[in-house]
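A.B. asks: Mind having a look at this structure? Questions to follow.
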Amino acid sequence: MSARPTDDLYVRYMKAVEDSTKHTVDCPACQGETPCTEGTSIHERFARLQDAYHNRLKRQNGNG
Ligand SMILES: [Zn+2]
């Protein structure tokens, strides 16, 4: 049995997904084509973490 360390990147990515989704549900601006100021930073963080997470998966799979 090997205990995996807390996957910090995955945890932050999931939190960003949740933040972005929750914000968009309540924010008409972010449901349209022009996100609000607060939403822009939330969605940018989500996009950055998504990229980082998927890049890491690709490296781990060794398909490159
Ligand atoms: Zn918004």
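Per our numbering, residue 343 is the first one in the sequence shown, and the count goes up by one each step.
Yeah, the Cβ is synthetic: ideal placement off N, Cα and C, and Gly gets one too.
No experiment lies behind these values; they were computed from the predicted model shown.
1. For P377, does the three-state DSSP call read helix, strand or coil?
2. Please list, following the chain, all residues that have a C-beta closer than 6 Å to any non-hydrogen atom of ligand 1.
3. My output table needs one value for C372: the three-state DSSP class, helix, strand or coil.
4. Mark S362 as exposed unless 16 or more other C-beta atoms lie within 10 angstroms of its C-beta, in which case mark it buried.
5. According to DSSP, is D393 helix, strand or coil?
C.D. replies: Quick look at the numbers:
1. Coil.
2. This criterion selects H365, C369, A371, C372, P377, C378, E380 and G381.
3. Three-state DSSP puts C372 in a helix.
4. Flag for S362 reads buried.
5. Three-state result, D393: helix.
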